[in-house]
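Enquirer:
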Amino acid sequence: MNRIADRLGLRVRRPRMAAFLAAVLLGAVLASLGLGWQQDPPPEGRAADRRSPIVSSGGVTARPTTPTTVAKPAGPPGRSCAEVAAGLTPRQRLAQLLMVGVDPSRVEPAIELAGSVGIGGIFLGGNDTALLVDNRLAAVRAAAAVPLAVSVDDEGGRVQRVDRLDGSVPSARMMAASMTVEDVHALARDRGAALRARGVTIDFAPVVDVTEQPDDDVIGDRSFGSDPAVVTRYAGAFAQGLSEGGVLPVVKHFPGHGHASGDSHVSAVTTPGLADLRKVDLVPYRQLLGARPTAVMVGHMDVPGLTGGRPASLSPATYQLLRGEFSFNGVVLTDDLGGMQAVSGRYPLPQAVLTALTSGADIAFWSSGERVEEVLGVLERALADHRLPAERVNVALGRVLRAKAACTG
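Take the sequence shown: its position 366, counted from the start at 1, is 366 in my numbering, and no numbers get skipped.
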């Protein structure tokens with residue numbers, strides 16, 4: 001199959017007229033959605049010219065495949081964010097603040113979430129790639145009244161989602177050990193363009209945790225290293241490349257998981273105190289935030305001197321630190337609230353979502369995609385009785401809509 005035809009979900013064996021009409025329809029859908037960052041894709045051929053062989057963590061040499069052309073993100077539709085928000089019901093506004101996992105092998109449930117429920121974003125986890133081929137995501141995005149965010153976890157190494165489709169990317173630690181900063185920037189740009197061509201708009205990468213953990217530890221080789229300066233340079237190059245490829249990078253896991261006491265997937269964890277984090281773990285954030293379009297993922301670590309025994313994702317002090325000391329005004333989302341014991345072992349999912357949003361998160365994320373209607377019901381009641389302040393919802397909604405280019409101003 002021709003590579004471009006494969007990227008667009010068209011089959012060259014179809015009659016010419018059917019292929020032409022499909023291409024026209026695809027272009028109309030992409031232009032109408034207006035999802036993504038306001039920048040041009042790399043000029044045709046540039047990404048391919050700069051690619052070099054990459055040795056994956058498994059020792060296999062591969063080149064990340066990049067489409068010859070990438071659909072240019074459309075500009076905002078011309079309405080102000082206040083106008084867009086005014087056209088949404090309270091339930092629809094709350095739904096925009098949720099990012100939930102969907103079955104990556106089925107289109108219909110994702111269409112239901114995007115259309116009838118009006119969810120703000122979906123997450124494609126696992127290794128199934130059915131939703132990422134044959135342009136299936138276009139139907140999901142077309143069902144959404146407000147542009148839909150589509151996210152994946154594609155860091156490289158042991159955390160990849162499109163390696164079967166677009167080639168394997170090395171782990172962060174291997175990138176830092178074997179590649180230049182310029183190489184990493186080019187690799188991430190190509191990867192971002194490949195993701196964007198498949199309909200993905202957000203990548204939960206790069207990891208900016210600073211650690212000397214063994215490769216197979218919870219962060220381990222997902223980190224660019226134990227030197228904050230090295231992590232800053234390489235993570236910054238990776239984030240910049242993703243952004244240039246048309247995908248929003250998400251730096252994680254604020255305020256730093258690299259020196260935590262364990263794995264927040266399986267238990268509650270504690271980091272060194274805030275004063276120690278400022279010396280090492282928080283250093284990359286001072287350089288990376290504000291330098292490029294990016295979002296921040298907050299982890300579930302308890303930070304002595306900051307979170308008061310709560311996971312960082314559920315602590316107002318965490319978001320105050322990010323908004324105040326770090327002057328960050330972009331989108332902030334939580335790590336998985338439903339699939340990590342540091343939260344799910346202590347808080348029912350609806351309570352965790354409500355607490356995260358009340359504390360300062362703009363997007364509450366859980367990968368299972370379960371209990372969406374129940375969560376929305378809890379949020380609606382909390383909004384009605386002012387436990388979830390309307391102003392908090394409005395501020396978060398504005399950030400989310402602007403990040404998705406759903407409005408101006």
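By construction, the Cβ of each residue, glycine as well, lies at the ideal position given by its N, Cα and C atoms.
This structure is a prediction, so every number in the text was calculated from the model and none was measured.
1. Roughly how many angstroms separate the alpha carbons of I265 and G339, rounded to a whole number?
2. Can you check DSSP and say which residues form a bridge with F328?
3. Any contact of the segment 243 to 261 with the segment 287 to 296, i.e. 3+ C-beta pairs under 8 Å?
4. Can you give the Cα-Cα distance for T412 and E83, rounded to whole angstroms?
5. In or out: K404 buried (at least 16 other Cβ within 10 Å) or exposed?
6. How close, in whole Å, do the beta carbons of V102 and A95 come, if the pair is a contact with beta carbons under 8 Å?
7. Under DSSP, the beta strand (DSSP E) around P249 begins and ends at which residues?
8. Please return the same chain residues whose Cβ sits closer than 8 Å to the Cβ of G220, not counting the five positions on each side in sequence.
9. For the beta strand (DSSP E) that M297 lies in, which residues bound it at each end?
10. Which residues mark the beginning and the end of the beta strand (DSSP E) in which L98 is found?
11. With 16 as the cutoff for other CB atoms within 10 Å, does G225 come out buried or exposed?
12. State yes or no: is the C-beta of S151 within less than 8 Å of the C-beta of F204?
13. Hey, how far is the Cα of H386 from the Cα of E182?
14. Roughly how many angstroms lie between the CA atoms of G27 and L88, to the nearest whole one?
15. Do you know offhand how far F123's Cα is from R191's?
16. Can you give the Cα-Cα distance for E373 and G245, rounded to whole angstroms?
17. Identify, in the order they occur along the chain, each residue of the same chain with its Cβ nearer than 7 Å to the Cβ of H185, setting aside the five sequence neighbours on each side.
18. Express the C-alpha separation of A139 and R196 in angstroms, rounding to a whole number.
19. Quick check on DSSP: helix, strand or coil for T61?
20. Should S105 be labelled buried (16 or more other beta-carbon atoms within 10 Å of its own) or exposed?
21. Can you grab the Cα-Cα spacing for the pair R286 / L274, in whole Å?
22. For S151, which beta-bridge partners are listed by DSSP?
23. Tell me whether T334 sits in a helix, a strand or coil according to DSSP, three-state version.
24. Per DSSP, D302 forms a beta bridge with which residues?
25. Go through its chain and collect everything with a Cβ distance to A47's Cβ below 7 Å, but skip five positions before and after it.
26. Give the single residue among G330, R292 and Y234 whose Cα lies nearest to the Cα of T180.
27. Let me check one thing: in DSSP terms, what residues is A364 bridge-paired to?
28. How would you label P158, buried or exposed, when you count the other beta carbons within 10 angstroms and need 16 or more for buried?
29. Just confirm the distance between the C-beta atoms of R136 and V107, as a whole number of angstroms; I'd bet it's less than 8 Å.
Expert: In short:
1. For the purposes of this step, residue 265 is taken as residue 265 along the sequence shown, with counting starting at 1. For the purposes of this step, residue 339 is taken as residue 339 along the sequence shown, with counting starting at 1. Reading off the sequence shown, one finds His at residue 265, where the question assumed Ile. Each residue's Cα considered, the two are about 7 Å apart.
2. Residue numbering aside, residue 328 sits at position 328 when the sequence shown is read from its first letter. Residue pairing by DSSP places F328 in no beta bridge whatsoever.
3. Between the segment 243 to 261 and the segment 287 to 296 there are three or more inter-stretch CB-CB distances shorter than 8 Å, so the stretches are counted as touching.
4. With the chain running from 1 to 409 in the structure shown, residue 412 is simply not present.
5. The count along the sequence shown starts at 1 and reaches residue 404 at position 404. Only buried fits K404, as 16 or more other CB atoms lie within 10 angstroms of its CB.
6. Residue mapping note: residue 102 aligns to position 102 of the sequence shown, counting from 1. Residue mapping note: residue 95 aligns to position 95 of the sequence shown, counting from 1. Beta-carbon to beta-carbon, V102 and A95 are separated by about 14 Å, too far to satisfy the 8 Å threshold.
7. Within the sequence shown, residue 249 is the residue found at index 249, counting from 1. First-last of the beta strand (DSSP E) with P249: L248 to F254.
8. Position 220 of the sequence shown, counting from 1, holds the residue named residue 220. Result list for G220: R173, T211, Q213 and P214, in chain order.
9. Here residue 297 is taken as the residue at index 297 of the sequence shown, counted from 1. That run of the beta strand (DSSP E) goes A295 to V298.
10. On the sequence shown, residue 98 is found 98 positions in, with the first residue counted as 1. Taken as a continuous stretch (DSSP letters only), the beta strand (DSSP E) holding L98 covers L98 to V102.
11. The sequence position of residue 225 within the sequence shown is 225, counting from 1. With 16 or more other Cβ atoms from the protein chains shown falling within 10 Å of its own Cβ, G225 counts as buried.
12. Looking up residue 151 in the sequence shown gives position 151. Looking up residue 204 in the sequence shown gives position 204. Result yes, Cβ atoms of S151 and F204 sit closer than 8 Å.
13. Taking the first residue of the sequence shown as position 1, residue 386 is located at position 386. Taking the first residue of the sequence shown as position 1, residue 182 is located at position 182. Their backbone Cα atoms lie some 49 Å apart in a straight line.
14. Working through the sequence shown from its first residue, we reach residue 27 at position 27. Working through the sequence shown from its first residue, we reach residue 88 at position 88. With a pLDDT of 40 at G27, under the threshold of 50, the modelled position of that residue is not reliable, and the figure given next carries that caveat. The alpha-carbon of G27 is positioned some 27 Å away from that of L88.
15. One-based indexing of the sequence shown puts residue 123 at position 123. One-based indexing of the sequence shown puts residue 191 at position 191. Answer to the nearest angstrom: the Cα atoms are 18 Å apart.
16. Working through the sequence shown from its first residue, we reach residue 373 at position 373. Working through the sequence shown from its first residue, we reach residue 245 at position 245. Distance between the alpha carbons of E373 and G245: 34 Å.
17. Indexing the sequence shown from 1 puts residue 185 at position 185. Once the five neighbours on either side are set aside, the close Cβ partners of H185 are A237, Q240 and G241.
18. Position 196 of the sequence shown holds residue 196. Position 139 of the sequence shown holds residue 139. Looking at the two C-alpha atoms, the distance is approximately 15 Å.
19. Along the sequence shown, read from residue 1 onward, the residue named residue 61 stands at position 61. For T61, the predicted model reports a pLDDT of 31, less than 50, meaning its position is unreliable and no value from the coordinates is stated.
20. The residue given as residue 105 occupies position 105 in the sequence shown. Exposed: under 16 other Cβ atoms inside 10 Å.
21. Indexing the sequence shown from 1 puts residue 286 at position 286. Indexing the sequence shown from 1 puts residue 274 at position 274. Distance between the alpha carbons of R286 and L274: 15 Å.
22. Counted from its first residue, the sequence shown places residue 151 at position 151. F123 and I202.
23. Residue mapping note: residue 334 aligns to position 334 of the sequence shown, counting from 1. In the structure shown, the three-state DSSP call for T334 is strand.
24. Within the sequence shown, the letter at position 302 stands for residue 302. In DSSP, D302 forms a bridge with T270.
25. Start at 1 with the first residue of the sequence shown, and residue 47 comes out as number 47. Annotation note: pLDDT 34 at A47 (below 50); position unreliable, coordinate value reported separately. These residues qualify, in order along the chain: T66, R189, D190 and A193.
26. In the sequence shown, residue 180 corresponds to position 180, counting from 1. The candidate whose alpha carbon is nearest that of T180 is Y234.
27. Residue mapping note: residue 364 aligns to position 364 of the sequence shown, counting from 1. DSSP lists L98 as partners of A364.
28. As a working note, residue 158 is residue 158 in the sequence shown. A quick correction: the sequence has Arg, not Pro, at residue 158. When all chains shown are included, R158 counts as exposed.
29. Position 136 of the sequence shown, counting from 1, holds the residue named residue 136. Position 107 of the sequence shown, counting from 1, holds the residue named residue 107. Yes, they are in contact, since the Cβ atoms of R136 and V107 sit about 5 Å apart, within 8 Å.
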